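This report concerns only the one structure given below.
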Amino acid sequence: MSTVLTFGTFDVFHVGHLRILERAAELGDRLVVGVSSDALNVSKKGRAPVFCQDERLRLVAALRCVDEVFLEESLELKRHYLQHHGAKVLAMGDDWKGRFDEFNDICRVVYFERTPAISTTAIIEKIRF
Ligand code: C2G
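Here the numbering used here is used: the first residue of the sequence shown is 14, the next is one more, and so on.
Printed below as a string of structure tokens:
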């Protein structure tokens with residue numbers, strides 16, 4: 014059983030989120046997703062997410078391509094999360110390209126191209142105006 018791990022906030026879930034999860038799942042037998050906590054999101058992006066962490070965890074967990082979810086509480090705990098889940102692969106969008114190469118010693122690190130022209134921020138702007 015090879016486990017793939019990915020991380021993200023997945024706020025205002027959209028097709029760009031779905032596509033990266035589907036592509037990540039294809040790299041192994043099992044996909045585990047670390048969903049950023051509300052507090053981590055505030056520290057990363059300077060604002061609270063639209064949907065709270067319990068709702069985002071439930072939405073991601075309900076997807077067919079996702080086997081397990083957990084709360085990502087700190088960016089500094091990546092190595093611990095990878096080891097704890099026995100991940101063979103870490104998959105991330107290429108907005109994080111190069112940022113996680115240090116984990117190549119314990120797993121394969123893969124960066125996928127982001128889906129163009131869609132983002133949580135753009136959706137919020139579109140609804141607001
Ligand atoms: N994504 C994508 N295409 C988009 C938007 C997002 O492929 N149009 C990908 C991102 O590259 C990321 C994942 O979807 O891999 C989740 O995106 P976010 O929710 O924005 O995640 P982020 O807040 O960047 O959290 O520890 C790492 C972080 O927790 C990642």
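Even for Gly, the Cβ is constructed at its ideal location relative to N, Cα and C. On a predicted model such as this, the values are computed, not experimentally measured, just so you know.
Residue i Cβ short of 8 angstroms to the ligand C2G heavy atom set
i, result
"Phe20", "yes"
"Arg84", "Position check: residue 84 holds Leu in this sequence, whereas Arg was assumed. Checking the Cβ of Leu84 against the ligand C2G gives no."
"Ser49", "yes"
"Glu115", "no"
Buried or exposed (CB count within 10 angstroms, at least 16 for buried), residue i
i, result
"Lys91", "buried"
"Phe142", "exposed"
"Arg69", "buried"
"Glu85", "buried"
Cβ shell of residue i (< 7 angstroms), same chain only, five flanking positions each side left out
i, result
"Cys120", "Leu95, Ala100, Lys101, Val102 and Leu103"
"Asp51", "Ala61, Pro62, Cys65 and Gln66"
"Val122", "Leu103, Phe113, Asp114 and Phe116"
Cβ pair residue i, residue j closer than 9 angstroms
i, j, result
"Arg112", "Gly29", "no"
"Val48", "Thr22", "yes"
"His98", "Leu40", "no"
Start and end residues, beta strand (DSSP E) containing residue i
i, result
"Thr16", "Thr16 to Gly21"
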